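Working notes, structure below.
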Amino acid sequence: MANLRELSRKGELLTGGHRACAGCGAPVAVRQVLKAVDTPVVVGCATGCLEVTTTIYPYSAWNVPFIHSAFENVAATVSGIEAAYRSLKRQGKIQRDIQFVAFGGDGGTYDIGFQSLSGAMERGHDMVYICYDNQAYMNTGIQRSSATPRGAATTTSPAGRVITAGKTQYRKDLTAVMAAHDIPYVAQTTIGHWNDLITKVRKAFEVEGPAFVNILTPCRLGWQIDPADSIEICRKAVDTCFWPLYEVENGVWKITLKPREKKPITEWLRPQGRFRHLFKPGNEKLIEEIQADVDRRWEMLQKRCEVGG
Amino acid sequence: MNTGEKDWDKKGWKDVPIAGLITEPGTARRYKTGEWRTHRPVWDPEKCINCLLCWIYCPDSAIQVKDGKVVGIDLEHCKGCGICAHECPSKVRAINMVLESEAEAEDGEKVKEETMREGEEGEKERKEERKGEGGNEK
Amino acid sequence: MAGSLEQETVKFVAMTGNEAVAEAMRQINPDVVAAYPITPQTEIVQIFSTFVADGLVKTEFVTVESEHSAMSATIGAAAAGARAMTATSSQGFALMWEMLYIAAGLRLPIVMPVVNRALSSPINIHCDHSDTMGARDSGWIQIFSENAQEAYDNLIQAVRIAESRDVLLPAMVCMDGFIVSHGMESVKLLMDEEVRGFIGEYEPAYSLLDVDHPITVGALDFADWYFEHKRQEAAAEAPVAEVVLKVGEEYGKLTGRSYGLFEAYRLDDAEVAVVALGSTAGTAKAVVDELRQKGVRAGLLKIRLYRPFPKDAIVRALSGVKAIAVLDRSDTFSTMGGPVFIDIKASMYDLMHGEHGEHGEHDAHGAQDAREARDMQGPRIVNYIYGLGGRDIDLEQIRKVYERLQAIVATGETGEPVSYLGVRE
Chain A
0 MANLRELSRK GELLTGGHRA CAGCGAPVAV RQVLKAVDTP VVVGCATGCL
50 EVTTTIYPYS AWNVPFIHSA FENVAATVSG IEAAYRSLKR QGKIQRDIQF
100 VAFGGDGGTY DIGFQSLSGA MERGHDMVYI CYDNQAYMNT GIQRSSATPR
150 GAATTTSPAG RVITAGKTQY RKDLTAVMAA HDIPYVAQTT IGHWNDLITK
200 VRKAFEVEGP AFVNILTPCR LGWQIDPADS IEICRKAVDT CFWPLYEVEN
250 GVWKITLKPR EKKPITEWLR PQGRFRHLFK PGNEKLIEEI QADVDRRWEM
300 LQKRCEVGG
Chain B
0 MNTGEKDWDK KGWKDVPIAG LITEPGTARR YKTGEWRTHR PVWDPEKCIN
50 CLLCWIYCPD SAIQVKDGKV VGIDLEHCKG CGICAHECPS KVRAINMVLE
100 SEAEAEDGEK VKEETMREGE EGEKERKEER KGEGGNEK
Chain C
0 MAGSLEQETV KFVAMTGNEA VAEAMRQINP DVVAAYPITP QTEIVQIFST
50 FVADGLVKTE FVTVESEHSA MSATIGAAAA GARAMTATSS QGFALMWEML
100 YIAAGLRLPI VMPVVNRALS SPINIHCDHS DTMGARDSGW IQIFSENAQE
150 AYDNLIQAVR IAESRDVLLP AMVCMDGFIV SHGMESVKLL MDEEVRGFIG
200 EYEPAYSLLD VDHPITVGAL DFADWYFEHK RQEAAAEAPV AEVVLKVGEE
250 YGKLTGRSYG LFEAYRLDDA EVAVVALGST AGTAKAVVDE LRQKGVRAGL
300 LKIRLYRPFP KDAIVRALSG VKAIAVLDRS DTFSTMGGPV FIDIKASMYD
350 LMHGEHGEHG EHDAHGAQDA REARDMQGPR IVNYIYGLGG RDIDLEQIRK
400 VYERLQAIVA TGETGEPVSY LGVRE
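Here is the structure:
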């Protein structure tokens, strides 16, 4: 269990003065992730909001070595850094212990960077991959990704007169896909559950070999919420079982926080402007379907946890 | 730009580091995003229980903490998102959001100076701690 | 002296271009290699894998899942202070495209053998230069090799060139797919310690692993900085030719095989000349010898350093020639001919207008040259696009090229500027 007072004694590895929107979840994710590691860390970042807002030349918000090279390749880039580290350490040219972390948004992770992520995990590089999942291409102005949930309106899946649903497809369950890579550690958390997040990221850094942590990270612009609600909305995602908190450690599935009472999905949907159209007359069935999908996935997860744990 | 740096002050291509590198860490501190703010968090040290939830959830590293206690808010970088006020436990409410224009008009330079001073020096005398450990999740 | 040195240290081995390149990589012994197999480069990856498996190199070998990741991992490794290499061909090279520009922009001295192969569509595994020619503006140094010996020698020299503090740019060493990569030749190898001594210990210009001095690599530039950074990158190209010459001369002292920016073959008094790169130059040399025996003043200019383009030296070497045929093993599909043709023509503009000289300087003598150059209107230049997708080019075809050049000199009529050589009409 992490302790905030202890954590606060560590220096800030991400400074203020970055250009993320007020209330953006991404820097919150980064701050919490970097609080979880005590050894020096090298950061790689995919193209996206986080990279763009934190490294506007000549202003870098990073107090750690940082590299960005392209959108789809942060896992490959960091695997090269980690390979260099192993090589130079073996040759005695480096003595320090160093950890490696890659940050990518959902676009850079679920979609365009998926191949490079899968490859890096399969090769077994000792690195932590963090997906800050805000459920759409926010940097280019809110376009749908394979992480966008069914029913969300984005600029490329708008709620129209004929297609009234917004995005018609369900989201890809990337955390489960990464678990299928059979790597030492996979977990899912949110920035609104700092203790859960830091505990998981610590484990991710501690294991030898690759680890993947999928962090639900609100985008107040794309989700159309009040910036002050960016943390609150995460709790709704977990309480409705839309985004269960769980981990897969050496193949053992475990729910890390079970809501005392499973709330109806509307509690997650209603506060977000991107789901506003779902509450118009005629879309009742859509909400029922979304609820049924959440229920089905939650049941499946619980079964996996029973079997695994 | 609000950094006082003008195009004609900037270095030419012969004088910048190679490869577009930023060779100094954390230079973003020099960029003052506090100007974006429409609402200002006003922190009440009398009410604060130092649970540090505001600190861990701040996107802009703007909650200033010293020796495990909140000592102020970095208004040079705080964008006024209101997460700190929202996440402050409902029974505590040590941070309130006020309109930036009103805060400036009412308190003038006083508020700004005080908050800045507290941010730099840390609080001196505080009432007894109400809670020992760091914050817990809601 | 050189003879006895050779006997002591130099090995003669029958090997293919791929084997020679893999052997050079073993001797370079990079910290990291990240590579993906593709015909006709595959052997390099396979052979290097056996070096890794047998513990013959200190290299961390990253068996990436694509060429895009190969270049990305190589960039990551190089930015972490490692001497890093990869190798590719054709479609794999095309998949790296995005990252090529980034490697150059980040000033990472990555060295990459490229086994030249045609680009799809239609898919074709055989040689032409369309893969690397397409990346001629990526900021990479491009060195072309005529045979396996040159591929071996060029790869070792490329490490020194790329890593030179005056340069710090990535370099690709090109050799013709199958023709060189799979053709068996007698290759003179250096001893391991000679290679190690020649390339020296790598001292990176910056490293992400220097955790006590954190740097930000790959920051976002707006319009207020991008231009300065790209201007600086352009300036890094300027000293390359000089470094190539210096390294080539030093390599000559070590091996007896000196290298320049290009090879001028019987060009001094030539009236007609062919410009070519890669293995075709070998074929053209045979034709030049034939013609010389018949009293024809024929010559050849084989480009070695193609990027950055050593314009001034090439113009000087070709200034006395009356008719030139540029052989291009790729097309630009611009109706303007092949890429080398376009470069040579652009360079010759300076000759016509008196702007060529040691460093493009103007002086009284230069002005005099310019007037003379204008009077003679410079050489006539024609282009042949040939050998696409591995189509053979033979002696007879090159003879015809020289015949045409002689006709141009005799009649003053240039005719069609761009022709396709060896294609069925």
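Chains as they are written, first to last, in numbering that gives the first Met the number 0: chain A, 0 to 308; chain B, 0 to 137; chain C, 0 to 424.
For glycine and all other residues, C-beta sits at the position ideal for the given N, C-alpha and C.
Computed from a predicted model, the values in this text were never measured in an experiment.
| query | result |
| --- | --- |
| Going along the segment 199 to 216 of chain C in order, which residues come within less than 7 Å of chain B, judged by CB to CB distance? | A204, Y205, P213, I214, T215, V216 |
| I believe R291 (chain C) touches A297 (chain C) by the beta-carbon criterion, under 8 Å. Please report the beta-carbon distance rounded to the nearest angstrom. | 6 Å |
| Closer than 7 Å by beta-carbon distance: list the chain B residues that pair up with L105 (chain C), in chain order. | A18 |
| Go ahead and pull the three-state DSSP assignment for G411 (chain C). | coil |
| Check the Cβ of V64 (chain B) against every Cβ in chain A and list those closer than 7 Å, keeping chain order. | S7 |
| Going by Cα to Cα distance, which pick from A:A35, A:E121, A:V63 is closest to L12 (chain A)? | A:V63 |
| Using a cut-off of 8 Å between C-beta atoms, extract the partners of N62 (chain A) located in chain B. | P24, G25 |
| If you compare alpha carbons, which of A:A164, A:E248, A:T108 is closest to E205 (chain A)? | A:E248 |
| Would you mind sorting G294 (chain C) into buried or exposed? The rule is 16 or more other CB atoms within 10 Å of its CB. | exposed |
| Where does G16 (chain C) fall in DSSP's three states? | helix |
| The segment 91 to 105 of chain C: which residues have C-beta closer than 7 Å to a C-beta of chain A, in chain order? | E97, M98, I101 |
| Going by other Cβ atoms of all chains shown within 10 Å of its Cβ, with 16 needed for buried, is M98 (chain C) buried or exposed? | buried |
| Could you tell me the distance, in whole angstroms, from the CA atom of M299 (chain A) to the CA atom of D172 (chain A)? | 12 Å |
| Could you list which residues in chain A have their beta carbon closer than 7 Å to that of E86 (chain B), in chain order? | I230 |
| For my contact list, T127 (chain C) and S333 (chain C) are in at a C-beta cut-off of 8 Å; report their separation, rounded to the angstrom. | Contrary to the premise, residue 127 (chain C) reads as Asp rather than Thr in this sequence. Not a contact, Cβ separation roughly 16 Å. |
| At what residue ranges does the segment 179 to 206 of chain A contain a whole run of the beta strand (DSSP E), taking only runs of 3 or more? | 184 to 189 |
| Closer than 9 Å, Cβ to any Cβ of chain C: which residues of the segment 114 to 133 of chain A, in chain order? | Q114, S115, S117, G118, A119, E121, R122, H124 |
| Please report the residue range of the beta strand (DSSP E) in which I384 (chain C) lies. | 379 to 385 |
| I'd like to know whether the C-beta atoms of F143 (chain C) and L276 (chain C) end up nearer to each other than 7 Å. | yes |
| Could you tell me the alpha carbon to alpha carbon distance between G199 (chain C) and K92 (chain A), rounded to whole angstroms? | 15 Å |
| Can you pull the chain B neighbours of L168 (chain C), defined as C-beta to C-beta under 7 Å? | In chain order: nothing, as chain B lies at least about 10 Å away. |
| As an exercise, report each continuous beta strand (DSSP E) stretch of at least 3 residues that is fully enclosed by the segment 281 to 357 of chain C, in chain order. | 297 to 302, 304 to 306, 322 to 327 |
| Whose C-alpha, out of A:V41, A:R295, A:D228, A:R8, is nearest the C-alpha of G272 (chain A)? | A:D228 |
| For Q168 (chain A), is the classification buried or exposed, using 16 other Cβ atoms within 10 angstroms of its Cβ as the cut-off for buried? | exposed |
| Based on DSSP bridge pairs, tell me the residues matched to N2 (chain A). | Answer is none; N2 (chain A) lacks a bridge partner. |
| Can you give me, in chain order, the residues of the segment 87 to 109 of chain A that have a beta carbon less than 8 Å from any beta carbon in chain C? | L87, R89, Q90, I93, R95, I97 |
| For the segment 5 to 39 of chain A, which segments carrying the alpha helix (DSSP H) assignment without a break, of at least 4 residues, lie completely within its bounds, in sequence order? | 25 to 34 |
| Ignore the nearest five residues each way along the sequence and tell me which others in L420 (chain C)'s own chain have a CB closer than 6 Å to its CB. | Y383, Y385, Q396 |
| Around the Cβ of K257 (chain A), are there at least 16 other Cβ atoms within 10 angstroms (buried) or fewer (exposed)? | exposed |
| Mind pulling the chain C residues with CB within less than 8 Å of N313 (chain A)? | The requested residue 313 (chain A) does not occur in the structure, where chain A is confined to residues 0 to 308. |
| Which of the three DSSP states is assigned to D175 (chain C) in this structure? | strand |
| Which one of C:Q90, C:M111, C:L94 has the shortest CA to CA distance from V125 (chain C)? | Here residue 125 (chain C) is His; the residue named in the question, Val, does not match the sequence. The residue with the shortest Cα to Cα distance from H125 (chain C) is C:Q90. |
| Which residues in the same chain as E81 (chain A) place their Cβ atom closer than 7 Å to its Cβ, once the five residues preceding and following it in sequence are excluded? | F99, H124, D125, M126 |
| Locate the alpha helix (DSSP H) running through N267 (chain A), then write down its first and last residues. | It should be noted that the sequence gives Trp, not Asn, for residue 267 (chain A). Residues 265 to 268. |
| Show which residues of chain A have a CB atom less than 7 Å away from the CB atom of I74 (chain C). | S68, T76, G79 |
| For G15 (chain A), count neighbouring Cβ atoms within 10 angstroms of its own Cβ and tell me buried if that reaches 16, exposed if not. | buried |
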